[in-house]
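What follows is a set of notes on a single structure, which appears directly below.
In UniProt numbering, the protein residues as written are 1 to 337.
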């Protein structure tokens with residue numbers, strides 16, 4: 001049994017590949033290596049190319065007819081970049097997903113697990129989001145993901161494709177065995193900035209301390225990347241229970257949205273405290289005004305993920321911090337850019 005993973009040389013895709021491999025399922029990786037790293041493909045069946053290349057996707061299915069599910073992680077994901085170059089984001093995240101879905105159905109694969117974002121929701125008054133929350137994407141990245149999902153739902157209804165969309169917010173950490181991690185040496189999320197401040201010996205800036213949260217600082221739903229990867233495996237393992245196979249002669253497939261989250265999130269101040277627990281009480285943080293464009297944030301209600309996938313996070317924020325620090329050191333040992 002095999003699984004096709006697009007974007008399988010990236011941070012999340014490579015971790016998903018490792019989880020599947022540990023469960024005895026062979027990952028087949030398709031990645032353009034524009035942002036993915038070639039060393040993350042070592043020991044795996046690997047095809048370098050574009051998800052919209054129909055001939056290449058056809059070749060993959062001819063060579064590996066035992067692929068039973070496609071995990072679609074290939075995407076552009078940097079919000080500020082999407083603001084300055086929206087055309088590229090719609091081209092990659094929407095148009096190429098359309099082409100890839102068509103190639104899947106032609107290859108006889110009717111199961112797709114789509115890596116999506118809970119950033120498309122409008123938070124409830126308590127800052128939670130669930131599968132029933134209103135959709136209100138705020139930038140071209142989240143809009144491109146929402147539009148891709150609407151498109152996939154239409155394809156499912158018309159052509160028998162079955163799609164499980166997993167939506168989450170803030171992956172952190174690294175493969176606990178340090179095989180893979182963040183490609184960038186300078187991640188822009190709060191934990192990445194904390195690690196940078198710690199390594200430079202300068203205080204970390206808590207930007208904004210009067211948000212409507214439990215301690216006044218912004219809230220994010222950080223999840224260990226290995227826990228996210230486990231959810232993709234559970235979705236594949238339980239796929240037919242979540243979306244039953246088509247009956248003979250049927251054309252209508254199915255589409256299911258499942259959110260992944262912690263259920264309460266982590267404020268910036270809580271993240272600082274967890275970081276100190278790992279590196280020591282000497283780590284300094286200073287308060288600063290909120291920056292233009294900052295938002296209060298949100299956290300995800302994961303009840304449906306437990307109901308359908310029997311999934312919940314297992315690693316703590318402290319675990320993710322330790323693995324992130326270990327990966328940063330591992331990157332330096334490897335001389336990675």
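Quick reminder that beta carbons are idealized off the backbone N, C-alpha and C, glycines included.
Query, Result
"Inter-residue Cα distance where the pair is residue 189 and residue 117", "16 Å"
"Given 8 Å, three or more beta-carbon pairs between the stretch 217–224 and the stretch 91–100", "no"
"Endpoints, alpha helix (DSSP H) assigned at residue 140", "140–159"
"Residue 315, enclosing alpha helix (DSSP H) - first and last residue", "Residue 315 -> no alpha helix (DSSP H), and no H or E assigned at all."
"Where residue 31 sits in the DSSP three-state scheme", "strand"
"Range covered by the beta strand (DSSP E) that runs through residue 2", "2–6"
"Chain-order list of residues whose beta-carbon lies under 8 Å from that of residue 140 (same chain, five-residue window excluded)", "82, 83, 86, 89 and 90"
"Proximity to residue 28 [Cα-Cα], best of 149, 12, 34 and 61", "61"
"Residue 272 versus residue 233: straight-line alpha-carbon distance, rounded", "31 Å"
"Reduced DSSP category for residue 69 - H, G, I as helix; E, B as strand; rest coil", "strand"
"Residue 133 CB to nearest heavy atom of the ligand HEM below 6 Å", "This structure simply doesn't include the ligand HEM, nor any ligand for that matter."
"Three CB pairs or more closer than 8 Å across the stretch 158–165 and the stretch 104–115", "yes"
"Runs of alpha helix (DSSP H) lying entirely within the stretch 94–143, each at least 4 residues, in chain order", "96–106"
"Bounding residues of the beta strand (DSSP E) (the contiguous stretch that carries residue 286)", "285–288"
"Residue range of the unbroken alpha helix (DSSP H) whose run includes residue 268", "268–279"
"Residues near residue 291 by beta carbon distance below 7 Å, same chain, minus five either side", "207"
"Contact the stretch 29–38 vs the stretch 7–17: 3+ CB pairs below 8 Å", "yes"
"Nearest-angstrom Cα separation, counted from residue 297 out to residue 120", "12 Å"
"Alpha carbon of residue 203 to alpha carbon of residue 286, nearest angstrom", "6 Å"
"Residue span of the beta strand (DSSP E) that contains residue 162, given as start and end", "162–168"
"Where the beta strand (DSSP E) containing residue 207 begins and where it ends", "204–207"
"Buried/exposed call for residue 149, threshold 16 Cβ in 10 Å", "buried"
"Neighbour-count burial assignment, residue 306, 16 or more Cβ in a 10 Å radius", "exposed"
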